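Number 112 in numbering that gives the first Met the number 0 belongs to position 113 of the sequence shown; there are no gaps in the numbering. Glycine residues also receive a C-beta, built at the ideal position from the N, C-alpha and C atoms. None of the values given here were measured: they were computed from a predicted structure. What follows is a set of notes on a single structure, which appears directly below.
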Amino acid sequence: MCGVPEPNAKRGAVADPDRPTLTIRPLVESDLGQVTAIEQACFAEPWSERTFRNLLGRPDAVLLSAVYEERRVAGYAAVWFAGREGELGDLAVAPKDRRRGIGGELVDAVLEAARTRGVIRISLDVREGNRSAQDLYRSRGFEIVGRRRGYYGGPAEDALVMRRLLVR
């Protein structure tokens with residue numbers, strides 16, 4: 000039926016019979032070209048391919064790709080852990096793939112990876128002006144807990160620190 004959510008759809012995602020199958024899986028080295036292209040399209044100060052490659056080799060980091068039919072990367076997330084704390088360092092969805100629930104699926108996968116590792120708290124920084132990202136994180140239980148003045152450049156902007164407790 001048109002407009003009815005799929006049984007496994009995340010909040011905000013609507014069934015689309017023409018949408019190819021999307022899988023959230025570990026990011027692999029062959030994804031890096033597409034990931035860095037999305038990174039450059041999404042951020043004023045993008046991470047380099049080398050940064051992603053270095054994270055791939057770290058045992059404390061989890062990198063995830065949202066991939067259409069195992070070929071086209073639509074988004075990705077990078078999170079790392081220290082003890083029982085986690086930090087979502089990067090998450091992006093390709094501009095042409097936004098508003099399809101992909102960001103939410105990535106956040107959900109990050110939260111599951113954190114729970115699997117016994118993490119009790121996960122945090123992230125988000126541009127103060129990036130309301131859509133803030134809304135996404137709020138929809139997954141994150142709350143604003145602080146501010147980093149002048150954290151971002153190009154253009155200069157404060158970062159809001161958001162946190163989610165995984166146990167209450």
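CA-to-CA distance, residue j to residue i, given in whole angstroms
{"i": "Phe80", "j": "Val144", "result": "19 Å"}
{"i": "Met161", "j": "Leu55", "result": "24 Å"}
{"i": "Asp96", "j": "Gly82", "result": "34 Å"}
{"i": "Phe51", "j": "Gly74", "result": "14 Å"}
{"i": "Leu168", "j": "Pro154", "result": "As shown, the chain starts at 0 and ends at 167. That puts residue 168 outside it, with no answer to give."}
{"i": "Ala113", "j": "Leu123", "result": "13 Å"}
{"i": "Leu62", "j": "Gly149", "result": "27 Å"}
{"i": "Pro94", "j": "Leu21", "result": "16 Å"}
{"i": "Asn129", "j": "Ala77", "result": "18 Å"}
{"i": "Ala40", "j": "Gly140", "result": "27 Å"}
Burial state of residue i (16 or more Cβ within 10 Å)
{"i": "Val66", "result": "buried"}
{"i": "Val166", "result": "exposed"}
{"i": "Val109", "result": "buried"}
{"i": "Asp59", "result": "exposed"}
{"i": "Ile38", "result": "One detail in the question is off: residue 38 reads as Glu in this sequence, not Ile. With 16 or more Cβ atoms within 10 Å of its Cβ, Glu38 is classed as buried."}
{"i": "Val3", "result": "A caution first: Val3 carries a pLDDT of 26, below 50, which makes its placement in the model unreliable, though a value can still be read off. Exposed, since its Cβ has fewer than 16 Cβ neighbours within 10 Å."}
{"i": "Asp89", "result": "buried"}
{"i": "Gly103", "result": "buried"}
Beta-carbon contacts of residue i that lie in its chain and below 7 Å, excluding the five residues immediately before and after
{"i": "Glu84", "result": "Val118 and Arg120"}
{"i": "Ala132", "result": "Val125"}
{"i": "Trp46", "result": "Glu38 and Asp89"}
{"i": "Pro68", "result": "Note that residue 68 is Glu in the sequence shown here, rather than Pro. Same-chain partners within the cutoff: Pro19 and Thr20."}
Proximal residues to residue i (C-beta, below 6 Å), its chain only, five neighbours per side dropped
{"i": "Tyr136", "result": "Met161"}
{"i": "Thr35", "result": "Glu48"}
Proximity below 7 Å, CB of residue i to CB of residue j
{"i": "Arg146", "j": "Leu159", "result": "yes"}
{"i": "Gln33", "j": "Val72", "result": "yes"}
{"i": "Ser64", "j": "Arg99", "result": "no"}
{"i": "Glu127", "j": "Glu156", "result": "yes"}
Other residues of its chain near residue i: CB distance less than 8 Å, five sequence neighbours each side excluded
{"i": "Ile142", "result": "It is Glu, not Ile, that sits at residue 142 in the sequence shown. Excluding positions up to five away in sequence, the list reads Met161, Arg162 and Arg163."}
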